[in-house]
Amino acid sequence: MTSSILQNFRRLLIYSLLFIISVNLIMPGILAEASAEENLENINLLWMLICAILVFMMQAGFMCLESGIIRNKNNINVALKNVSDFGISIVSYWIIGYGIMFGASQSGLFGTNNFFFDPSGTPTSGPAMTFFIFQSMFCATAASIISGSVAERLKFNSYLIITALVGTIIYPVVGHWAWANSNDNFGGDGTTGWLYDLGLLDFAGSTVVHSTGGWVGLAAILIIGPRTGRFVEGKVRKFSPSNLPLSVLGVLLLGFGWHGFNGGSQLVLDDAVPGILLNTFLAAAAGIVACLIFWGAQNGTAPAGDLINGLLAGLVAITASCNIVTPMGSVIIGAGGGLVAMYSTRLL
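Just so we're aligned, residue 349 is where the sequence shown starts under the numbering used here, counting upward by one.
(1) Using DSSP's beta-bridge definition, name the partner residues of Gly561.
(2) Is the stretch 524-535 in contact with the stretch 640-652, if contact means three or more CB pairs nearer than 8 Å?
(3) How big is the Cα-Cα spacing for Ile510 and Ile672?
(4) At what residues does the alpha helix (DSSP H) containing Tyr441 begin and finish?
(5) Contact check, His524 vs Gly541 under 8 Å by CB: the rounded distance?
(6) Are the beta-carbon atoms of Ile494 and Asp537 separated by less than 9 Å?
(7) At 3 residues or longer, and completely inside the stretch 613-653: list those beta strand (DSSP E) runs for me, N to C.
(8) Alpha carbons only, please: which of Leu413, Pro675 and Gly662 is nearest the one belonging to Gly685?
(9) Considering only C-alpha positions, which residue in the set Tyr544, Leu601 and Ala665 is nearest to Ala413?
(10) Whole angstroms is fine: what's the gap from Trp442's alpha carbon to Asn462's?
(11) Where does the unbroken alpha helix (DSSP H) through Asp545 begin, and where does it stop?
(12) So what does DSSP say about Phe551, is it helix, strand or coil?
(13) DSSP on Gly536, reduced to helix/strand/coil?
(14) Select from Val599, Gly682, Arg575 and Val688 the residue whose C-alpha is nearest the C-alpha of Gly409.
(15) Going by C-alpha distance, which of Phe450, Val637, Gly445 and Gly474 is nearest Asn392?
(16) Please return the same chain residues whose Cβ sits closer than 6 Å to the Cβ of Pro571, not counting the five positions on each side in sequence.
(17) Alpha carbon to alpha carbon, how far is Pro574 from Ala652?
(18) Please classify Tyr691: is it buried, with 16 or more other beta-carbons within 10 angstroms of its beta-carbon, or exposed?
(19) So for Ser453, helix, strand or coil by DSSP?
(20) Alpha carbon to alpha carbon, how far is Ile656 from Ala689? Give it in angstroms, no decimals.
(21) Under three-state DSSP, which class holds Phe480?
(22) CA-CA distance, Gly416 and Thr628?
(23) What separation, rounded to the nearest whole angstrom, lies between the Cα atoms of Leu594 and Ala665?
(24) Where does Ser678 land, buried or exposed, given buried means 16+ other C-beta within 10 angstroms?
(25) Whose C-beta lies closer than 6 Å to the C-beta of Ala400 among residues of the same chain, with five residues either side of it excluded?
(26) Does the stretch 495-515 touch the stretch 419-426, meaning 3 or more C-beta pairs lie closer than 8 Å?
(27) Counting C-beta neighbours from all protein chains within 10 Å, is the total for Met406 16 or more, i.e. buried, or is it exposed?
(28) Just how far apart, CA to CA, sit Thr472 and Thr478?
(29) Use the C-beta contact count for Asn610: other C-beta atoms within 10 angstroms, 16 or more gives buried, fewer gives exposed.
(30) Kindly identify the DSSP beta-bridge partner or partners of Gly459.
(31) Which residue wins for smallest C-alpha separation from Ala683, given the options Gly635, Thr693, Ser554 and Thr667?
(32) Quick one: is Leu566 buried, meaning 16 or more other Cβ sit within 10 Å of its Cβ, or exposed?
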């Protein structure tokens, strides 16, 4: 099974490279016919679309990560949930969520227009559509985070209801509070949310995306309780992961897509993007190193699950400030995130 997945991953990389090569062959001809200002806008929009595709690839990462950690009998259920939550979250976000998140603000609490989003015929239709595509991938990511929390705990239809709530209300409301003015250059009206007005800085979604998904997942498992069979006569029963190499592949796919997540949040392709990507790389690596040091101090070998958590924690931690910190700062933040993950998972 792992060999087949690696082959598919190689094909995906080859197709991605072919896409990039095709873009480089086609774009010079397009740009030659446009003005310098139009060229710059086209390049920025292309950058955002490429980053949106990278974020979309994170769905495959979530599926591999979750499928490898749970038991064999539930693998297909997790795979179906990840495919379904993508569809439900995107459609619900298009119908209601985007309007609540980026519509004209009502007292900084929620948006009141742009429902059934369709900017066709407007002067900013191209940029607006690009921005929607990019932001809808963020919504799908928030929904997929919840999937990992409730794996082997929740019925399929119940999970879809939660996903719809995330896409229509929960994620858009939190997003409006922090990012209501992010679409100013994409057809927005300049209104701001109350958290933004208080000075909240969340560049690419540590709080808006990852924390929101995490808190919803935590609330769900507190209500649902442990997985069936987890406790037998008061004693903890350990469940063996079905395929840890698959989970490692999943977290690497997530790390790959994360650079589109953070790099695309700049919304333009300028000289700040390399620094954003560098900080993202360093924080992910520091999260892994922190995990290795944590276990080395205990004269032990770091389990695969903890290494996965360390990498993810480093990425989540840096996502809020990857555009402003120094490389040293990103290492400290990533390592801190990795250590927090080591200790907090033991509390849970």
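Built from N, CA and C at the ideal position, the CB exists for glycine as well.
In terms of the structure at hand:
(1) In the DSSP output, where bridge partners are listed per residue, Gly561 has none listed.
(2) Segments in contact, no.
(3) 34 Å
(4) Unbroken run through Tyr441: none, as it is neither H nor E.
(5) 5 Å
(6) no
(7) Within the stretch 613-653, no complete beta strand (DSSP E) run reaches 3 residues.
(8) Selected option, being the one with the closest Cα: Gly662.
(9) The identity of residue 413 in the sequence shown is Leu, whereas the question assumes Ala. Comparing C-alpha distances from Leu413 to each of Tyr544, Leu601 and Ala665 shows the shortest one belongs to Leu601.
(10) Going by the C-alpha atoms only, they are around 9 Å apart.
(11) Trp542 to Asp545
(12) coil
(13) coil
(14) Val599
(15) Gly474
(16) Correcting the residue identity first, residue 571 is Ile in this sequence and not Pro. Closer than 6 Å at the Cβ level, and outside the excluded window around Ile571, lies no residue.
(17) 22 Å
(18) Residue burial annotation: Tyr691 is exposed, with fewer than 16 other C-beta atoms found within 10 angstroms of its C-beta.
(19) strand
(20) Rounded to whole angstroms, Ala689 and Ile656 show a C-alpha spacing of 10 Å.
(21) helix
(22) 25 Å
(23) Whole-angstrom Cα-Cα distance: 24 Å.
(24) buried
(25) Here the set comprises Ile481, Phe482 and Met485.
(26) yes
(27) With 16 or more other Cβ atoms inside 10 Å of its own Cβ, Met406 counts as buried.
(28) 10 Å
(29) Burial check for Asn610: the Cβ neighbour count within 10 Å reaches 16 or more, so the residue is buried.
(30) Partner(s): Ser453.
(31) Here the closest residue by C-alpha is Gly635.
(32) exposed
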